[in-house]
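Undergrad: So that we are looking at the same thing, I have put the structure below in structure tokens.
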Amino acid sequence: AAAEKDGYEHFMLKEIHEQPKAVRDTLNSLVKDGKITLEETGLTDDMLRQVSRVDIVACGSAWHVGMASQYVIEDLVKVPVRVELASEYRYRSIPVAPDTLVIVISQSGETADSLAALRVAKERGAMTLAVVNVIGSTIAREADHTLYTLAGPEIAVATTKAYSAQLIAMDVLAVKMAAVKEQITEEQVAGFLEALNAIPEQIGRVLEEKQRLQWFSSKIANTHDIFFIGRGLDYAISLEGSLKMKEISYIHSEAYAAGELKHGTISLIEQNTLVIGVLTQGSLFEKTLSNMLECKSRGAYLMGVTTNGNFSVEDSVNFTVYVPKTDEHFIASLAIVPLQLLGYYTSVNRGLDVDKPRNLAKSVTVE
Ligand code: G6P
-4 AAAEKDGYEH FMLKEIHEQP KAVRDTLNSL VKDGKITLEE TGLTDDMLRQ
46 VSRVDIVACG SAWHVGMASQ YVIEDLVKVP VRVELASEYR YRSIPVAPDT
96 LVIVISQSGE TADSLAALRV AKERGAMTLA VVNVIGSTIA READHTLYTL
146 AGPEIAVATT KAYSAQLIAM DVLAVKMAAV KEQITEEQVA GFLEALNAIP
196 EQIGRVLEEK QRLQWFSSKI ANTHDIFFIG RGLDYAISLE GSLKMKEISY
246 IHSEAYAAGE LKHGTISLIE QNTLVIGVLT QGSLFEKTLS NMLECKSRGA
296 YLMGVTTNGN FSVEDSVNFT VYVPKTDEHF IASLAIVPLQ LLGYYTSVNR
346 GLDVDKPRNL AKSVTVE
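This is the structure:
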């Protein structure tokens, strides 16, 4: 099996490095000659124009993609979005209408709860779209419409490239919906596509920073608790960063919306507790930074993830990682990469089974 890893020590590290290609391939399938084409999904412009509400349903990291996408869709398309865990959605009676688009996101296309949620949404009369990686999987077959991500086979239990392919697919969908609903101009569409087109190469540049993350992970290998905080899209990034850390390093970690800290979590901060702040959204930057400082004054050790140019972060944050700038809507694709690497190297430093963490499965077909 060593050969299949292409010289990488683990599948997870290989798949982290395959992200530029996964994102590029997915983009190329959805954008042709500078135009977004969803033809293969069967979704027409007319159908998208009619959508008045979007419900996103998924599990695990795919749910985190939904959490990130809601901000992008709300902001660009101006329709209400709700994001639900499939294991909750299926047992609730959330009303839907024919102009509700229910999007089920799933790498495997076989997750039992996501499949059940899809069936419930169909029964209730919603229009359904599956965003799926595995071709011909059950969720892909049963949805009214299917958009395939082209991440290729993913072996490591902790998802990386499939998550990134899902994110970019959802970004393209948001831009397309905003365009057909005339919420953005053709010039804006061109600008967004230009930004999206640069993402694969920019992910490559973040990967070049891996030695710094490797070094930092060796310092935190014996930490007991990590808190990831952020607001808005940065909160969604925090959720996935925290999951990458805990699922493979077995270090307890939680993600909180930064503004909620003072309503309970801050009592958990002790001397040297690691607090990782995600600071990519200009309008939320000062707010989250001040929440980080509240933690620091109670003893926390601070790491920050921000965009190039925000060098003032270093005045107060102990360790900072910079990612290239892009349109703020799309920054999750870049900001998640250092957090994937941090989880990966922490697991390696602790001598754990990176690709097959205990108690977890790649595809969960039980309820
Ligand atoms: C499992 C995997 C996660 C994944 C989740 C949803 O728990 O370990 O990485 O995010 O299932 O899987 P899906 O195939 O539906 O995306």
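Counting in the working numbering, the sequence shown runs from -4 upward without gaps.
Glycine included, each C-beta is placed from N, C-alpha and C at the ideal position.
Go through its chain and collect everything with a Cβ distance to A151's Cβ below 6 Å, but skip five positions before and after it.
TA: Answer for A151: F6, M7, E10 and D350, listed in chain order.
Undergrad: Provide the residue(s) that pair with F314 in DSSP beta bridges, ordered along the chain.
TA: According to DSSP, which records beta bridges pairwise, F314 is partnered with M298.
Undergrad: Is any heavy atom in ligand 1 found nearer than 8 Å to the beta carbon of T21?
TA: No, the beta carbon of T21 sits no closer than 8 Å to any heavy atom of ligand 1.
Undergrad: Using the beta-carbon count (16 or more within 10 Å), is E181 buried or exposed?
TA: Exposed, by the Cβ-count rule.
Undergrad: Suppose you measure from the CA of V129 to the CA of A135; what does that come to, to the nearest Å?
TA: So the alpha carbons of these two residues sit roughly 8 Å apart.
Undergrad: For the region 19 to 33 and the region 63 to 70, state whether three or more C-beta atom pairs, one from each stretch, are separated by less than 8 Å.
TA: Segments in contact, no.
Undergrad: Considering only heavy atoms of ligand 3, does any lie closer than 8 Å to the CB of S213?
TA: For ligand 3, the structure offers nothing, since it holds only ligand 1.
Undergrad: Which of the three DSSP states, helix, strand or coil, is assigned to G272?
TA: Strand.
Undergrad: Is the beta carbon of P75 closer than 9 Å to that of E69?
TA: Taking 9 Å as the Cβ cut-off, E69 and P75 qualify as a contacting pair.
Undergrad: Mind checking whether L142 and L71 have CB atoms under 9 Å apart?
TA: Cβ distance not < 9 Å, so L142 and L71 don't count as in contact.
Undergrad: Using DSSP bridges, identify the partner residues of K27.
TA: BP columns for K27 point to K30.
Undergrad: Taking Cβ positions, are G304 and V273 nearer each other than 9 Å?
TA: Going by C-beta atoms, G304 is not nearer than 9 Å to V273.
Undergrad: Whole alpha helix (DSSP H) runs in the region 202 to 270 with 4 or more residues, listed along the chain?
TA: Counting only runs of 4 or more, we get 205 to 215 and 228 to 244.
Undergrad: Checking the sheet assignment: what are the DSSP bridge partners for Y143?
TA: Y143 is bridged to V127.
Undergrad: Would you call the CB atoms of M298 and V316 closer than 9 Å?
TA: Yes, Cβ-Cβ distance for M298 and V316 is below 9 Å.
Undergrad: Can you give the Cα-Cα distance for V332 and Q14, rounded to whole angstroms?
TA: When rounded, the distance between both Cα atoms is 9 Å.
Undergrad: According to DSSP, is I11 part of a helix, a strand, or is it coil?
TA: The answer is helix: DSSP assigns I11 an H, G or I state.
Undergrad: Cα-Cα, which of E118, V167, D41 and S103 is closest to G147?
TA: Per the Cα distances, S103.
Undergrad: Measuring only from the beta carbon, is E242 closer than 8 Å to any heavy atom that is part of ligand 1?
TA: The answer is yes for E242.
Undergrad: Pop quiz: S311 and L337 are said to be a contact at Cβ under 8 Å. What is the actual Cβ separation, rounded to whole angstroms?
TA: Their Cβ separation, rounded to whole angstroms, is 20 Å, which puts S311 and L337 out of contact at 8 Å.
Undergrad: Count Cβ pairs between the region 183 to 202 and the region 324 to 331 that sit closer than 8 Å; are there 3 or more?
TA: Taking 8 Å as the limit for Cβ pairs, the verdict is that the region 324 to 331 does touch the region 183 to 202.
Undergrad: Measuring from the CB of Q102, is there a heavy atom of ligand 1 at a distance below 8 Å?
TA: Yes, the beta carbon of Q102 sits closer than 8 Å to at least one heavy atom of ligand 1.
Undergrad: Out of M42, A125, D139 and L202, which one is the CA nearest neighbour of T155?
TA: Measuring from the Cα of T155, the nearest candidate turns out to be L202.
Undergrad: Have a look at L145, D166 and M42 and flag the residue whose alpha-carbon is nearest the alpha-carbon of A157.
TA: Answer by Cα proximity: L145.
Undergrad: For Q276, count neighbouring Cβ atoms within 10 angstroms of its own Cβ and tell me buried if that reaches 16, exposed if not.
TA: Burial call: buried.
Undergrad: Taking all protein chains shown into account, decide if A164 is buried (16 or more other Cβ within 10 angstroms of its Cβ) or exposed.
TA: A164 comes out buried.
Undergrad: Report, in whole angstroms, the separation of the C-beta atoms of T260 and F222, which I expect to be a contact under 8 Å.
TA: Going by Cβ atoms, the distance from T260 to F222 rounds to 7 Å, so yes, they are a contact pair.
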